[in-house]
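Engineer: Residue numbers (the working numbering): -19 to 732. Submitted below is the structure of interest, expressed as structure tokens.
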Ligand SMILES: Nc1nc2c(c(=O)[nH]1)N[C@H]1C(S)=C(S)[C@@H](COP(=O)(O)OP(=O)(O)OC[C@H]3O[C@@H](n4cnc5c(=O)[nH]c(N)nc54)[C@H](O)[C@@H]3O)O[C@H]1N2
Ligand SMILES: Nc1nc2c(c(=O)[nH]1)N[C@H]1C(S)=C(S)[C@@H](COP(=O)(O)OP(=O)(O)OC[C@H]3O[C@@H](n4cnc5c(=O)[nH]c(N)nc54)[C@H](O)[C@@H]3O)O[C@H]1N2
Ligand code: SF4
Ligand SMILES: [Mo]
């Protein structure tokens, strides 16, 4: 059946009428808890307010069920993250419910790891077996021997069970593979970071600078809507990207930099702004420290110096710098999000933070607002987690951290500990909602670590690639079928949002809160789960926070008192650095032997005739998790490799030709179509990340497109915080006959 992707649009008036009616029904407690049998007999229309989980923005949505079947998903107009509209992925979340290849029952491995051979099991069998294995390993090596890899709030209760059992080792790819360098660069400068969702006041920015932040393809909902607001208000958009991104197409200035040269550009921008006295002197004088030493360091970093490195004209650098200064403090240099590019990422993020500081925009309209936060208390009476005498295993010797500024657990550090046994052996992994074979680079290393494990548990909704290697696979109910813990992220308006079930899981799937508790019981940590059931857990926390549970269930979102969010309106700002100031020159970095002001190093060139591999997002997909979702697969069934026409001519490759990519270490991708386009610099190629699944069981995704993760075998580690930078991989295009088209010998790619 082909289902329409865009549900019939309702007029806003009619929409509100419907939601008002059904909120009433919800408040009376009639809309939930339908069983599959009930669903079969269910007639009419009902709506449930819940939150999206196709990505981590967690937009508020209204789900409509018609005759017992999930019919459509729309934005919740009360919700500041969706502002009443979902993105394509959010609308298509129904595809995750109807995926015919979903995991249905618990599975226990019968073949070799990776062979995807299973026997089905009951929940009791699978959980008893898991707990028995984990307890045995803990008895021998200590509970720290268990490492949890997780992503998103769905894993909250499984993490709770494992921390209660005594392991401090829990990591998400959102740090070392994603926004870690950004957060560390900002922490070092401002003593705080942009957080999630970012406290960027995009809607009010008069100049918005996007450095590889490809809003519009990177589809974080309210950010993209605010981007549209800024464009409508005629803000100056400056985009720095080797690729003509969707955002670049809206820009007044597009600076197509050579990949990896952004620090040179940032230093030159700051040079112009400082030398011409265009920065916010009052702000720097009041809140800054080390400014003189900083300006001395950048004194020779002129646009003329940068132009040759960056590949952008000096006058363009100068003009764009002056434009930023003209509109300050309503000038926002977006901090970016996935900042794991070239190995100097935390320093690049620090340069971005410093440029923002020169604009005096922290806590100012059109810069970074100061968000509000409800901060709901935990459920009462839950014991404190035991403190591990061993400390975490991810960062070398816990007493002398290998990456001194890593303030979250490093996934790839846990992977190293698993292989080396240092600082102590990790013998079991629990993997919840993260497809480690796609999310972490250097797949060979991940497989070596899995080989060294005694036990691997994977909790997923589909037979993902990582599930193929598990000893036990547990099928989780998808987000539209379950409660999760509450979301009270910091935002302009403080809020709490509820995820609650819309429909029942179709087979044996269970929600994460149930899995966590059942595992916890079997591990002997039942005392950490004192609530009677999940509703009672949620209700208790909501009520203790002064909110009305029935109202939250009905509306899906409740907001708190709106605090002032700008300094000019009375919001208080403080800088939690060692000096209490914005650190233009960083003593912390100097003390650890790092550059106190970011320095530029030219990126290493690849082998002759190769292209630097870049990756990013497509608006209708989220990493690898949506590739098999038929509702979005219709829009983009596989990724393509972007190649500049001049290079295509040299290689004799036509638009649409299918090639394989071979990287510098000889790793070859599956076949992928070439998109010949002038929208990319000639020295690099670009692919959307998440494709090229190797899981035979997830038939809808199997071998669709090529995997950027598989080709990312050469990783540069950020020395400040352990981030894994992947734009350090180079590929050649292998033609259909297996030949490698040769690039003309004269084509030199110094600094590419
Ligand atoms: N090469 C390359 N690597 C990257 C990136 C890149 O651009 N290029 N991006 C990086 C970034 S920014 C990030 S944040 C990470 C993302 O890394 P991940 O979050 O690991 O991303 P996915 O590949 O989508 O894997 C998610 C897994 O969770 C499963 N899942 C989905 N919903 C549920 C659920 O409700 N419950 C459970 N239990 N499982 C569920 C999916 O089926 C899938 O197997 O990847 C990083 N890795
Ligand atoms: N639709 C959709 N939206 C998403 C996600 C998703 O999976 N799907 N994931 C979300 C998550 S978790 C994250 S972290 C974000 C990631 O999104 P972003 O933080 O915006 O982006 P990246 O993936 O790091 O960067 C991709 C862009 O950087 C450019 N680029 C590559 N190398 C360089 C360079 O050296 N310099 C410069 N200036 N630019 C460069 C690429 O051409 C591309 O346009 O997206 C979020 N939004
Ligand atoms: S941005 Fe899109 S996919 Fe992400 S939570 Fe919002 S609607 Fe869902
Ligand atoms: Mo991310």
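Note that beta-carbon positions come from the ideal geometry of N, C-alpha and C, so glycine has one too.
With DSSP run on the structure shown, which of helix, strand or coil describes residue 229?
Structural biologist: It is helical.
Engineer: Let me know the secondary structure DSSP gives residue 408 once reduced to three states.
Structural biologist: Looking at residue 408 - three-state DSSP - the assignment turns out to be strand.
Engineer: In the structure shown, what three-state DSSP assignment does residue 661 receive?
Structural biologist: In the structure shown, residue 661 sits in coil (DSSP, three-state: anything other than H, G, I, E or B).
Engineer: Would DSSP call residue 114 helix, strand or coil?
Structural biologist: Helix at residue 114.
Engineer: Return the chain-ordered list of same chain residues with a C-beta closer than 7 Å to the C-beta of residue 561, the five sequence neighbours on each side being excluded.
Structural biologist: Within the same chain, residue 561 has close Cβ partners 267, 268, 269 and 555.
Engineer: Within the present structure, is the beta-carbon of residue 158 separated from the nearest heavy atom of ligand 4 by less than 7 Å?
Structural biologist: It does: the Cβ of residue 158 is within 7 Å (strictly closer) of some heavy atom of ligand 4.
Engineer: Considering only DSSP beta bridges, list what residue 348 is partnered with.
Structural biologist: Partner(s): 180 and 342.
Engineer: Taking buried to mean at least 16 other C-beta atoms within 10 Å of its own C-beta, is residue 127 buried or exposed?
Structural biologist: Looking at its Cβ environment, which holds 16 or more other Cβ atoms inside 10 Å, residue 127 is buried.
Engineer: Given residue 583, which residues of its chain have a CB within under 6 Å of its CB, disregarding the five upstream and five downstream residues?
Structural biologist: Taken in chain order, the residues that qualify are 240 and 322.
Engineer: Which value, in whole angstroms, describes the spacing of the CA atoms of residue 542 and residue 474?
Structural biologist: Each residue's alpha carbon lies about 7 Å from the other.
Engineer: So what's residue 43 in DSSP terms, helix, strand or just coil?
Structural biologist: Strand.
Engineer: Would residue 393 be called buried (16 or more neighbouring beta carbons within 10 Å of its own) or exposed?
Structural biologist: With 16 or more other Cβ atoms within 10 Å, it is buried.
Engineer: Between which two residues does the alpha helix (DSSP H) holding residue 277 run?
Structural biologist: From DSSP, the alpha helix (DSSP H) with residue 277 extends over 271 to 278.
Engineer: Which residue from 76, 218 and 48 puts its Cα closest to that of residue 733?
Structural biologist: This structure gives no information on residue 733, because the portion of the chain shown stretches from -19 to 732.
Engineer: Grab me the residues of residue 200's own chain with a C-beta within less than 6 Å of its C-beta, minus the 5 sequence neighbours each way, in chain order.
Structural biologist: Excluding residues within five positions, the ones whose Cβ falls inside 6 Å are 37.
Engineer: Go ahead and pull the three-state DSSP assignment for residue 268.
Structural biologist: Of the three classes helix, strand and coil, the one that applies to residue 268 here is strand, per DSSP.
Engineer: Flag this pair as yes or no: are the beta carbons of residue 708 and residue 696 separated by less than 8 Å?
Structural biologist: A contact, by the Cβ cut-off of 8 Å.
Engineer: Taking 7 Å as the line, does the beta carbon of residue 741 fall inside it for any heavy atom of ligand 1?
Structural biologist: In the structure displayed, the chain extends from -19 to 732; residue 741 sits before or after that span and is not available.
Engineer: Does the stretch 463 to 474 touch the stretch 516 to 526, meaning 3 or more C-beta pairs lie closer than 8 Å?
Structural biologist: Counting Cβ pairs under 8 Å, three or more are found: they touch.
Engineer: Quick check on the burial criterion: 16 or more other C-beta atoms within 10 angstroms. Buried or exposed for residue 11?
Structural biologist: Model confidence at residue 11 stands at a pLDDT of 29, short of 50, so the residue's coordinates are unreliable; what they give is reported in the following sentence. With 16 or more other Cβ atoms within 10 Å, it is buried.
Engineer: If you draw a straight line from the C-alpha of residue 701 to the C-alpha of residue 558, how long is it?
Structural biologist: Between residue 701 and residue 558, the C-alpha separation is close to 18 Å.
Engineer: Out of 569, 442 and 449, state which residue places its alpha-carbon closest to the alpha-carbon of residue 680.
Structural biologist: With distances taken between Cα atoms, residue 680 lies closest to 442.
Engineer: Please confirm whether any heavy atom of ligand 1 lies closer than 7 Å to the CB of residue 613.
Structural biologist: Not so, every heavy atom of ligand 1 lies at least 7 Å from the Cβ.
Engineer: Measure the Cβ-Cβ separation of residue 149 and residue 325 and say whether it is below 8 Å.
Structural biologist: No, Cβ-Cβ distance for residue 149 and residue 325 is not below 8 Å.
Engineer: Report the partner residues of residue 498 according to the DSSP bridge assignment.
Structural biologist: DSSP output for residue 498 lists no bridge partner at all.
Engineer: Check residue 5 in the structure and name its three-state DSSP category.
Structural biologist: Low confidence applies here, because residue 5 scores a pLDDT of 32, under 50, leaving its location unreliable and the question unanswered by this model.
Engineer: Is the separation between the beta-carbon of residue 258 and that of residue 305 shorter than 8 Å?
Structural biologist: For residue 258 and residue 305, yes; Cβs fall inside 8 Å.
Engineer: Residue range of the alpha helix (DSSP H) that residue 534 falls in?
Structural biologist: Residues 529 to 535.
Engineer: Determine the extent of the beta strand (DSSP E) in which residue 591 is found, giving its start and end residues.
Structural biologist: Run containing residue 591: 591 to 596, per the beta strand (DSSP E) assignment.
Engineer: How is residue 444 classed by DSSP in three states: helix, strand or coil?
Structural biologist: Coil, per DSSP.
Engineer: Measuring only the C-alpha atoms, how far is residue 416 from residue 21?
Structural biologist: Computed Cα separation, rounded: 41 Å.
Engineer: Let's test the definition: count the other Cβ atoms within 10 Å of the Cβ of residue 498 and tell me whether it reaches 16, buried, or not, exposed.
Structural biologist: The residue in question, residue 498, is buried, as its Cβ has 16 or more Cβ neighbours within 10 Å.
Engineer: Would you mind stating whether residue 683 and residue 670 have Cβ atoms separated by less than 8 Å?
Structural biologist: No, Cβ-Cβ distance for residue 683 and residue 670 is not below 8 Å.
Engineer: Which same chain residues end up closer than 6 Å to residue 752 when comparing Cβ atoms and leaving out the 5 residues on each side of it in sequence?
Structural biologist: The question about residue 752 has no answer, for the chain in this structure spans -19 to 732.
Engineer: Please classify residue 285: does DSSP put it in a helix, a strand, or coil?
Structural biologist: The answer is helix: DSSP assigns residue 285 an H, G or I state.
Engineer: So, under 8 Å CB-CB, residue 641 and residue 585 are touching, yes? Tell me the CB distance rounded to an integer number of Å.
Structural biologist: So it is not a contact: roughly 18 Å between Cβ atoms.
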